[in-house]
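The structure under discussion appears below in the form of structure tokens.
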Amino acid sequence: MQAAPPILYVVYKITFPNGKIYVGKDIGGAGHSLRYFGSWNNALVMQDFDAAALRDFTLRKEILYESPDKQDVSHKEGELIRELHANDPAIGYNCTHRKRIARHDPDTFSGS
């Protein structure tokens, strides 16, 4: 059997046992690594699972996009985080690309 050609830089989706997702990118080294599963916030993930669930934990990794261009992959990652709502805490574990709430500026607020 002939080895598969290497996969280039990618955007991937990790699906956790509870159905929540994490969207990330792999732009390191010579391209996508099967061993790389992202850099989500472990504390955020662990709060959704009890000890028994953490002892038998299966993740699904799906490649959503690939390109030879790292900047293209970085742009697409942000696009897919927003499109899939992976930045909504009810849906996913992405902490970036969250909607910003306008802060009250006392110098410009009339207060009426």
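Residues in the sequence shown are numbered consecutively from 3, following the working numbering.
Quick reminder that beta carbons are idealized off the backbone N, C-alpha and C, glycines included.
Remember, predicted model here, so these are calculated numbers, not experimental data.
Can you tell me which of the options puts its alpha carbon nearest to the alpha carbon of residue i?
i	options	result
K15	G21, E64, Y38, A55	E64
Which stretch, first to last residue, makes up the alpha helix (DSSP H) that contains residue i?
i	result
D74	72 to 85
L46	44 to 48
Report the rounded CA-to-CA distance for residue i versus residue j, giving the unit in angstroms.
i	j	result
A45	D90	16 Å
I9	G33	6 Å
N96	A53	22 Å
H87	M3	39 Å
P70	R84	22 Å
P19	G40	16 Å
E68	W42	20 Å
V12	G31	12 Å
G80	L66	12 Å
A5	D58	31 Å
L82	V47	20 Å
Quick check on the DSSP output: the beta strand (DSSP E) that includes residue i runs from which residue to which?
i	result
R57	No beta strand (DSSP E) contains R57, which is instead part of the alpha helix (DSSP H) from 53 to 57.
D28	23 to 28
T17	11 to 17
Y67	62 to 69
When we look at the beta-carbon of residue i and count the other beta-carbons within 10 Å, is it buried (16 or more) or exposed?
i	result
I93	exposed
S114	With a pLDDT of 38 at S114, under the threshold of 50, the modelled position of that residue is not reliable, and no figure is offered here.
L56	exposed
L36	exposed
K72	exposed
G26	buried
Could you tell me how far apart the beta carbons of residue i and residue j are, in whole angstroms, since I believe they sit closer than 8 Å?
i	j	result
L61	T98	About 20 Å; that fails the 8 Å criterion.
V75	I29	6 Å
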